[in-house]
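Worksheet: the structure to be examined is printed underneath.
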Amino acid sequence: MDLFLAIFTGTIVAATPLIFAALGELVVEKSGVLNLGIEGMMLMGAAFAFWAVISGLPMPVAIVIGALAGAAASLLFGVLALTFLTNQYAAGLALAIFGSGVSAFLGRNFGSTPIDALKPVHIPLLSDIPVLGPMLFRFDPLVYLAIVMFAVISWFLYRTKGGLVLRTIGESPETAHAIGYPVIKIRYMAVLFGGLMAGLAGAYLSVAYTPLWVENMTAGKGWIALALVVFATWRPLRVLLGAWLFGGMTILQLQGQALGLAVPSELLSALPYLATIVVLVIISRNRQILALHFPASLAKPFRPAS
Amino acid sequence: MHNLNRRQFLQYSSAVGAAIGTGGFAGIANAQEVLKMGVVYVSPIAEIGWTKQHSLAVDAVKAELGDKVEITVIDNIFMPQDAERVFRELAASGNRLIFGTSFSHGTPLQKVAPRFPKVAFEHCSGIVHLPNLGTFEAKYYEGCYVAGAAGAHMSKTGKIGFIGGFPIPDIVGPANALLLGAQSVNPDITCNALFLNSWFDPGKEKEAANTLVSQGCDVICSMTDTATGVQVAGEKGAWSIGYASDMSKFGSGKQLTAFTLDWSSDYLRAAKGVLEGNWKPEVRWDGLAAGVVKMAPYNEAIPADVIAKLKQLEADIGSGKVHPYAGELKDQDGNVKVPAGAVLADADIRGMNWFVKGMIGKLS
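Sequence order for the protein chains is V and H. Numbers in the numbering used here are just positions in the first sequence, counted from 1, shifted up by 561. Numbers in the numbering used here are just positions in the second sequence, counted from 1, shifted up by 37.
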C-alpha cells in the first residue's frame with residue numbers, strides 16, 4: 562500500500578510541470594503558432610521564481626513572478642514571430658537558447674542556496690481521510706492548480722465563443738480576419754498565455770519540485786511537453802493523460818530498477834518515452850480525427866491584408 | 038638563415054632528441070616567466086559539486102603561487118568537439134599547463150596534446166597517457182567505504198539506497214564500496230542501486246530518492262552532481278551521504294557525511310612541476326591518505342564512539358591496513374571474485390562492472 566501510494570503521488574507530482582507547460586503550448590498551437598521555446602521560458606520562470614523566494618518575497622508572489630517571467634520571454638518570441646513574421650521554428654529555438662542563457666546568467670548570483678519549498682496543503686477533514694487523504698488531498702497547491710487549468714482550458718477551447726475564435730484562427734487566419742477578428746492580437750494573447758504557463762511550470766520546478774536552482778534544471782522537460790502536445794493530437798484530455806503516463810512510467814521504471822528487475826537500467830530508462838509515444842500513437846491513429854484537431858495553419862506566418 | 042642538408046638535419050634532430058631525453062621537460066620550463074595555465078571546466082561553477090571542487094583547487098594554486106601564475110578558466114565545456122577547440126586555443130595562446138576536468142575531455146586532449154609537445158596537459162579522470170599528458174583521479178571508493186560504514190551504524194531498516202548517473206565502473210565501483218563498508222558493520226545490510234542514465238536531471242534524481250525511500254531505504258547516497266538526493270532524503274526523514282562537496286546545508290540536518298574531493302594537491306604539484314621544469318606526465322590516483330578524498334564533518338547525531346571508529350577506519354584505509362575491496366568478495370550470484378586474503382587489483386577496480394553480493398539492481 563505504501564508503495565502504491567508512493568507511485569501514485571509521485572506520478573501526479575512529476576506530471577505537474579509537464580501539464581502546465583504542455584497545456585500552455587496547446588493553446589498557443591491551437592491559435593496556429595508554434596513556439597518551440599518552452600524550455601527557455603520554463604528556465605526563465607524557474608530562475609525568477611527562485612530569485613523572488615531568496616529575496617524574501619512570499620511564495621505566491623514568487624510563483625506569479627515566475628509565471629510573468631515566462632510570459633515576458635514569450636513576448637520576445639511574439640514580437641519576432643507575429644509582428645516581424647520571422648520563421649516560427651527559428652524564433653522558438655532562439656527563445657529556448659536565450660532563456661537558458663539568461664536564466665544561467667541570473668542564476669550565477671544565487672548559486673545553490675537552499676530554500677523552503679512550497680508546502681503541501683492541509684485541507685481539514687479531507688486530508689485526514691484514511692487512504693484517500695494521503696492519495697488525493699495532501700499535494701501542494703500548484704498540483705491542484707494544474708488540474709484546474711486543465712478544466713478551464715478544456716472549457717474555454719470547446720465551450721466558449723473565445724475558444725471557437727481561437728481555434729478558427731488556428732485553422733484559417735484569413736477567414737477569421739475576413740469576418741473581423743484581430744488575428745495578430747489574439748495570437749499574441751495565446752503566446753503570452755503559453756509563456757505564463759511555461760513560467761508556472763518552471764516556477765513549480767524551482768520552488769516546489771526540486772527546490773533549488775541549478776543551471777538548465779528543466780533537463781529537457783520543455784521538449785517533452787512539446788512532444789506531448791503533438792502525440793496527444795492537440796486535445797487537452799490526452800495531454801493530461803500523456804503527462805500522467807509519462808510521469809507514471811518514470812516512477813515505475815525507477816521502482817523496477819530499485820527492486821532489482823532483471824532488465825538493464827538503460828532499457829528501463831527509455832520506457833517512459835517509448836510507452837508514452839506508443840500509447841498516444843495508438844489512441845490517435847484515426848487520420849480523420851487527427852486532421853480534425855490539428856490546427857491547419859500551424860507555424861504559418863499570417864500577414865493581415867489591409 | 039640555416040641551410041641544412043639531410044645529414045646535418047639528422048645530427049641536429051638527434052642532438053635535440055638527446056637533450057629532451059636527458060632533460061625531461063626542461064625545454065618547457067622557464068623559471069623566470071609567469072606560468073600561463075588554462076583550466077577547462079565541464080559545467081558552470083555552482084556552489085557545490087564537481088566543478089566547484091576543481092575551482093577550489095584552482096583557488097589553492099592562486100593562493101600559493103600568487104603572481105607566478107596567470108590562470109585562464111573556461112567553464113561549461115562538455116561536448117568533446119567544443120573541448121578540442123578550446124584546448125587548441127589555450128595551447129596556441131601560450132598556456133604551458135592545461136587541465137581537462139572531465140572524462141569527456143579525454144579524446145580531445147589526446148588529439149591536441151601531440152600537436153603541442155611543449156605544453157603540459159593534465160586530465161582529471163582520464164585513462165590515456167601520452168608523453169605530455171598526465172592523469173589524476175580520486176579513489177572515491179575509499180570515501181564511499183567509510184560513508185557506508187557510517188550509514189550502516191545509523192540505518193534501522195538495514196537497507197541503503199544508491200543513486201548514480203550511468204552504470205559505468207566509475208560509479209559501480211563506489212556503489213560496491215558503499216555496501217562493503219556497510220557490510221563491515223552489519224553483514225546482512227543490502228543496497229538498492231538506481232541509475233538515472235543521465236548525468237544531470239534533478240527531477241529524475243528526486244524521483245529516484247523518493248523511490249528508494251518508499252522501498253524502505255533509510256540511508257541515501259547520491260553520486261550525482263546536484264544536492265537533490267540529499268535534499269529529498271532530508272525531507273523524507275532519511276539519512277543521506279553527499280558526494281563531491283559537503284551538502285549538509287541541503288540535508289535538513291540529515292546528511293551523515295559526504296565524501297568530498299580536494300584536487301588542490303594535484304593542481305599544485307603540476308603547476309610547481311612546470312614552473313620548476315621537472316614536470317612529468319604521471320598517473321596519480323589518490324584517496325584518503327593524500328587528502329584528495331576527504332570525509333565531510335560527521336553528523337552530530339552519530340554517537341561519539343561511532344565517530345571515533347569511523348575516523349579510525351579513515352586512518353586505516355589511508356595507511357593501507359584496511360582495503361575496501363579486500364577478499365573475500367562475492368558477486369551478486371555468490372561467485373567468488375576475490376579470494377580471502379587477496380585484494381582486487383587496481384585495474385579491476387577501475388574496470389569494475391559487476392555488483393557485489395547484497396546489491397539489489399541489475400547491470401546489463
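Glycine residues also receive a C-beta, built at the ideal position from the N, C-alpha and C atoms. All figures in this text were calculated on a predicted structure; none of them were measured in a lab.
Residues near residue i by beta carbon distance below 6 Å, same chain, minus five either side
i        : result
H:SER2   : The structure shown has nothing for residue 2 of chain H, since chain H only spans 38 to 401.
H:PHE287 : ALA264, VAL267 and GLN268
V:SER688 : GLY694, PHE698 and ARG699
H:ILE354 : GLU179 and LEU325
H:ILE111 : VAL77 and VAL123
V:ALA866 : none
V:LEU654 : LEU597
H:LEU298 : GLN90, ALA175 and ALA281
Residue i to residue j span [Cα, whole Å]
i        : j        : result
V:VAL744 : V:ALA860 : 14 Å
V:LEU718 : V:LEU828 : 38 Å
H:THR109 : H:ARG133 : 11 Å
V:GLY741 : V:GLY627 : 35 Å
V:LEU853 : V:LYS591 : 12 Å
V:ASN648 : V:MET696 : 45 Å
V:ALA823 : V:THR811 : 17 Å
H:ALA186 : H:PRO206 : 21 Å
H:VAL375 : V:LEU604 : 49 Å
H:HIS91  : H:ASP119 : 20 Å
V:THR572 : V:ILE676 : 23 Å
V:LEU579 : V:ALA819 : 25 Å
H:SER282 : H:GLU337 : 18 Å
V:ILE658 : H:SER80  : 16 Å
H:LYS399 : H:SER259 : 18 Å
V:THR736 : V:PHE863 : 11 Å
V:ILE670 : H:VAL359 : The displayed chain sequence assigns Asn, not Ile, to residue 670 of chain V. The alpha-carbon atoms of V:ASN670 and H:VAL359 are separated by roughly 43 Å.
V:LEU841 : V:ALA831 : 16 Å
Per-residue contacts from residue i into chain H (C-beta, under 7 Å)
i        : result
V:GLU600 : Simply none; closest approach about 13 Å.
V:ALA665 : PRO81
V:LEU822 : LYS399
Interface residues of chain V facing residue i [CB-CB closer than 8 Å]
i        : result
H:ASP323 : The premise fails here: H:ASP323 is roughly 27 Å from chain V at the closest Cβ pair, so nothing lies under 8 Å.
H:ASP370 : Those do not exist, as H:ASP370 stays about 12 Å from chain V at its closest Cβ, beyond 8 Å.
H:GLN268 : PRO675, THR771, PRO772 and LEU773
H:LYS243 : TYR770 and THR771
Chain V contact residues for residue i, given Cβ-Cβ distances below 7 Å
i        : result
H:PRO206 : Neighbours of H:PRO206 on chain V: none; closest Cβ ~15 Å, over 7 Å.
For residue i, the nearest candidate out of the options (CA to CA)
i        : options                                   : result
H:TYR182 : H:PRO211, H:VAL156, H:TRP316 and H:ILE205 : H:PRO211
V:ILE730 : V:ALA764, V:SER858, V:GLN816 and V:PHE638 : V:SER858
V:ASP563 : H:VAL250, H:SER277 and H:SER285           : H:VAL250
H:GLY201 : H:PRO168, H:PHE237 and H:PRO224           : H:PHE237
H:HIS190 : H:TRP391, H:PHE392 and H:ALA341           : H:ALA341
H:SER301 : H:VAL95, H:GLU84 and H:PRO117             : H:VAL95
V:PHE609 : V:ALA634, V:GLU586 and V:VAL589           : V:ALA634
H:MET116 : H:PRO145, H:LEU93, H:GLU107 and H:ALA384  : H:PRO145
H:ILE397 : H:ALA230, H:PRO204 and H:PRO334           : H:ALA230
H:ARG306 : H:MET284, H:ARG321 and H:ASN169           : H:ARG321
H:PRO151 : H:GLY171, H:CYS161, H:SER139 and H:SER141 : H:GLY171
V:ILE599 : V:GLY783, V:GLY809, V:GLY817 and V:GLN849 : V:GLY783
H:HIS166 : H:ASP262, H:GLN147 and H:PHE153           : H:GLN147
Contact list for residue i against chain V, beta-carbon separation under 9 Å
i        : result
H:LEU231 : LEU815, GLN818, ALA819 and SER826
H:THR248 : ALA567, ILE568, GLY571, ILE812, LEU815, GLN816, GLN818 and ALA819
H:GLY240 : ALA575, PRO578, LEU766, TYR770, THR771, MET778, THR779, ALA780, LYS782 and THR811
Beta-carbon proximity list for residue i, same chain, < 7 Å, skipping 5 on both sides
i        : result
H:ARG43  : Bear in mind that the predicted position of H:ARG43 carries a pLDDT of just 43, short of 50, making it too unreliable to give a figure here.
H:LYS394 : LYS367, ASP368, GLN369 and GLY371
H:ASP225 : GLY195
Proximal residues of chain H, C-beta to C-beta of residue i below 8 Å
i        : result
V:SER830 : PHE232, LEU233, ASN234 and SER235
V:ASP563 : SER251
Interface residues of chain H facing residue i [CB-CB closer than 9 Å]
i        : result
V:LEU605 : The question names Leu, yet the displayed sequence has Met at residue 605 of chain V. Chain H residues near V:MET605: none, gap ~17 Å exceeds 9 Å.
Beta-carbon proximity list for residue i, same chain, < 8 Å, skipping 5 on both sides
i        : result
H:PRO361 : TYR178, GLU179, CYS181, TYR182, ALA214, LEU217, GLY218 and ILE354
V:MET710 : ILE580, PHE581, LEU584 and MET758
V:PHE855 : THR794 and TRP795
Worksheet entry | Under 7 Å (Cβ pairs) to chain B, residues found in the segment 250–266 of chain H | Within the model displayed, chain B is absent; protein chains V and H are what it includes.
Worksheet item: So, do the segment 737–753 of chain V and the segment 675–685 of chain V have three or more beta carbon pairs nearer to each other than 8 Å?
Response: no
Worksheet item: For the segment 775–790 of chain V against the segment 693–712 of chain V, are there 3 or more C-beta pairs whose distance is under 8 Å?
Response: no
Worksheet item: Counting pairs of Cβ atoms below 8 Å between the segment 651–671 of chain V and the segment 790–810 of chain V, do you hit three or more?
Response: Output reads no: the segment 790–810 of chain V does not touch the segment 651–671 of chain V.
Discussion item. Can you confirm whether the segment 328–340 of chain H touches the segment 151–158 of chain H when touching is taken to mean that 3 or more C-beta pairs between the two stretches lie within less than 8 Å?
Written reply: no
Fill in: the segment 799–809 of chain V in contact with the segment 835–842 of chain V per 3-pair CB rule at 8 Å
yes
Discussion item. Check whether the segment 631–639 of chain V and the segment 720–737 of chain V are in contact - that is, three or more C-beta pairs closer than 8 Å.
Written reply: no
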